[in-house]
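Numbering (the working numbering), first residue to last: 163 to 332.
Just so it is clear, CB atoms sit at the ideal spot from N, CA and C, and this is done for glycine as well.
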């Protein structure tokens, strides 16, 4: 018998029991929360549509390839294999696109190679900056995105460099 299969249902049951003891009407609270989710989802839609279009345009326009070619010497200088440039550039825009690039790296270099280990750590240590920014800032009244996005992109770059350094040492 697998005990872990019962953890989530047990937590949900415990939540309902706790709410009952506190006198909270769980169904009414759920419906009230769902009412707040609909306007949030509607306010998120334009931001997410813009991010998805930006991501697709970045790849389809060839800008991704040109930027990779331009940055190849920089990647080499900071200790990142130039083959990982496409992963580093697409990850802030698209999680599924970066997963496809990661799969290509595995197929071309093998799963145990230095390049693939670096790619794995880079993939796991970074996030889709623009998607997350769209989700977080859609509900904010203050829309000053430049500084938080810039800091996130610098942190993503630093994590890629550090990931390759760690993989080189290990």
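- The Cβ-Cβ distance between residue 206 and residue 300 falls below 7 Å.
- If you draw a straight line from the Cα of residue 197 to the Cα of residue 241, it comes to about 50 Å.
- In this structure, DSSP gives residue 227 a helical state, which the three-state scheme calls helix.
- The three-state reading of DSSP puts residue 289 in coil, since its state is none of H, G, I, E or B.
- Looking only at 264, 313, 314, 296, the smallest Cα-Cα distance to residue 282 is reached by 264.
- About 7 Å separates the beta carbon of residue 246 from that of residue 277, a gap short enough to meet the 8 Å contact definition.
- Under the three-state reduction of DSSP output, residue 306 falls in the coil class, being neither helix nor strand.
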